[in-house]
Amino acid sequence: NPEITVCAFQPYQNTEQSGNNNQLKENLEKIVSQYNLKKTLCNWVLHPDYYRITLINIPNVPQSEYKKAVRWQIKDIVDYPLEDVAVDIFYPDELEKVLKKIYVVVAKASFLQNIVNTIQDCDLYPMAVDVREFAIRNLISNLATQNETVGLLNIVDESCLMVLVKQNNIRFVRRIPVGLKNIKNNDYNELIAELQRSFNYCQTELKQEAPVKLFMAPKIDIDLNKNMAQNIGKSLNKEISILDLQKIMSFKTTITQQIESSCWIAAGGALRKA
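In my numbering, each residue's number is its place in the sequence shown (first place is 1) plus 97.
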């Protein structure tokens, strides 16, 4: 297992105007100094507010030209000029070959450049700017046997992110617009209906397998975590385990539940293979 030498959480409230990273830089400089990280390689995982992932039909061009062509297909989901759009694409082979669909990741190029500049200004070497779905893939791929499909649910106040992975490839992504705020008095019906709809779409439309194992992102409130896993698992007729970082990697110092619930995405980013 990979070893994490330091796992720490630094609260940071982003109140800055777009393009002004002074606060972020100050926070990052403190961390670099505190843990003696100068000249260290850095993988950055974006907060979901700063990118979009969408499933689109493949453009009618050779595969090598997909990236250039998809820019015109995603213009309706961004509110900034096309010349400031950065795109990436990913797809399982059968999704592209049989169903003619690919996933597109869209972010603001100038924002990404600001992040890279900030990393460099803090004496770190930027290796990659990733999205959290890839960080999740890095984590749960380690919990599957070779041909198993596994999934993770990350339920937050406003939404639930579902990511399904097989053979180290993301097979399905959906951000469901139902979250903790919609769960009142242990009534999970709305969320479960959306999850079931997602599984059905994944199997019937995208021809992907249902997950053999499901994991749930760790929360500070252990009882809430267990309660959600039991209720949702029972309704979906699937066993749901709470993601345990210590089954995937070893830590030089003991980590608390609070650290694990705050840092699990960063840990997934650290597992990125170059």
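Glycine residues also receive a C-beta, built at the ideal position from the N, C-alpha and C atoms.
Helix, strand or coil for Val103? Go by DSSP, reduced to three states.
Translated into the one-based positions of the sequence shown, residue 103 becomes position 6. Note: Val103 maps to coil in three-state DSSP.
Can you look up Val275 in the DSSP assignment and give me helix, strand or coil?
By 1-based counting over the sequence shown, the position of residue 275 is 178. In this structure, Val275 counts as coil in the three-state DSSP scheme.
Can you tell me whether DSSP reads Cys219 as helix, strand or coil?
One-based indexing of the sequence shown puts residue 219 at position 122. In this structure, Cys219 counts as coil in the three-state DSSP scheme.
Following the continuous beta strand (DSSP E) through Ser338, name the residue where it begins and the one where it ends.
Counting from one through the sequence shown, the residue named residue 338 turns up at place 241. Taken as a continuous stretch (DSSP letters only), the beta strand (DSSP E) holding Ser338 covers Ile337 to Ile339.
Can you tell which of Leu249, Lys136, Asn297 and Asn140 has its C-alpha closest to the C-alpha of Phe62?
Because the chain spans 98 through 371 in this model, residue 62 falls outside it and cannot be assessed.
Where does the unbroken alpha helix (DSSP H) through Asp185 begin, and where does it stop?
Along the sequence shown, one-based indexing puts residue 185 at 88. Here Asp185 belongs to no alpha helix (DSSP H); instead the beta strand (DSSP E) covers Val182 to Phe187.
Let me make sure I understand the geometry here. Which of Asn324, Asn328 and Ile186 has the alpha-carbon closest to that of Arg268?
Locating residue 268 in the sequence shown gives position 171, counting from the first residue. Taking only the C-alpha atoms, the option nearest Arg268 is Ile186.
Taking DSSP as the reference, what is the three-state secondary structure of Asp146?
As a first step, residue 146 is located in the sequence shown; it is residue number 49 there, counting from the start. Asp146 falls in the helix class under three-state DSSP.
For Ala232, count the other beta carbons within 10 Å of its own beta carbon; 16 or more makes it buried, fewer makes it exposed. Which is it?
Looking up residue 232 in the sequence shown gives position 135. By the 10 Å Cβ count, Ala232 comes out buried.
Cβ atoms of Asn154 and Asn197: under 8 Å apart, would you say?
Along the sequence shown, read from residue 1 onward, the residue named residue 197 stands at position 100. Along the sequence shown, read from residue 1 onward, the residue named residue 154 stands at position 57. Looking at the sequence shown, residue 197 is not Asn but Lys. It is a contact, given that the beta carbons lie within the stated cut-off.
Would Val201 pass as a contact of Val184 if the rule is Cβ separation under 8 Å?
Taking the sequence shown and counting its residues from 1, the one referred to as residue 201 is at position 104. Taking the sequence shown and counting its residues from 1, the one referred to as residue 184 is at position 87. Yes. Within cutoff.
At what residue ranges does the stretch 267 to 335 contain a whole run of the alpha helix (DSSP H), taking only runs of 4 or more?
Listed in chain order, the complete alpha helix (DSSP H) runs (minimum 4 residues) inside the stretch 267 to 335 are 286 to 301 and 319 to 333.
With 16 other CB atoms within 10 Å as the buried threshold, where does Tyr132 fall?
Here residue 132 is taken as the residue at index 35 of the sequence shown, counted from 1. So Tyr132 ends up on the exposed side.
Should the stretch 253 to 262 be called in touch with the stretch 273 to 283, which here means at least 3 C-beta pairs below 8 Å?
Yes, the stretch 253 to 262 touches the stretch 273 to 283.
In three-state terms, what does DSSP make of Ile237?
Stepping through the sequence shown from its first residue, residue 237 is reached at position 140. Reduced to three states, the DSSP call for Ile237 is helix.
In terms of residues, what are the limits of the beta strand (DSSP E) holding Val203?
For the purposes of this step, residue 203 is taken as the residue at position 106 of the sequence shown. Element bounds for Val203: Lys198 to Lys205.
State the beta-bridge partners of Lys257 as determined by DSSP.
Here residue 257 is taken as the residue at index 160 of the sequence shown, counted from 1. For the record, residue 257 in the displayed sequence is Cys; it is not Lys. According to DSSP, Cys257 bridges with Ile252 and Ile273.
Using three-state DSSP, classify Asn265 as helix, strand or coil.
By one-based count along the sequence shown, residue 265 stands at place 168. Asn265 falls in the coil class under three-state DSSP.
Could you check the C-alpha separation between Pro178 and Leu221 for me, to the nearest Å?
In the sequence shown, the residue the question calls residue 178 occupies position 81. In the sequence shown, the residue the question calls residue 221 occupies position 124. One C-alpha to the other measures close to 30 Å.
Note down the Cα distance separating Ser161 from Asp284, rounded to an integer number of angstroms.
Indexing the sequence shown from 1 puts residue 161 at position 64. Indexing the sequence shown from 1 puts residue 284 at position 187. Spanning the two alpha carbons is a distance of roughly 47 Å.
What's the call for Leu342, buried or exposed, on a 16-neighbour Cβ count within 10 Å?
Translated into the one-based positions of the sequence shown, residue 342 becomes position 245. Leu342 should be labelled buried.
Can you find the residues in the same chain that come closer than 6 Å, C-beta to C-beta, to Val103, ignoring five residues on each side of it along the sequence?
In the sequence shown, the residue the question calls residue 103 occupies position 6. For Val103, where only same-chain residues beyond five positions count, the Cβ hits under 6 Å are Tyr132.
Alpha carbon to alpha carbon, how far is Gln293 from Gly365?
The residue given as residue 293 occupies position 196 in the sequence shown. The residue given as residue 365 occupies position 268 in the sequence shown. In a straight line, the C-alpha of Gln293 is about 26 Å away from that of Gly365.
Residues in the same chain with beta-carbon distance under 6 Å from Leu192, minus the five sequence neighbours each way, listed in chain order, please.
Residue numbering aside, residue 192 sits at position 95 when the sequence shown is read from its first letter. So the qualifying residues of the chain are Lys198.
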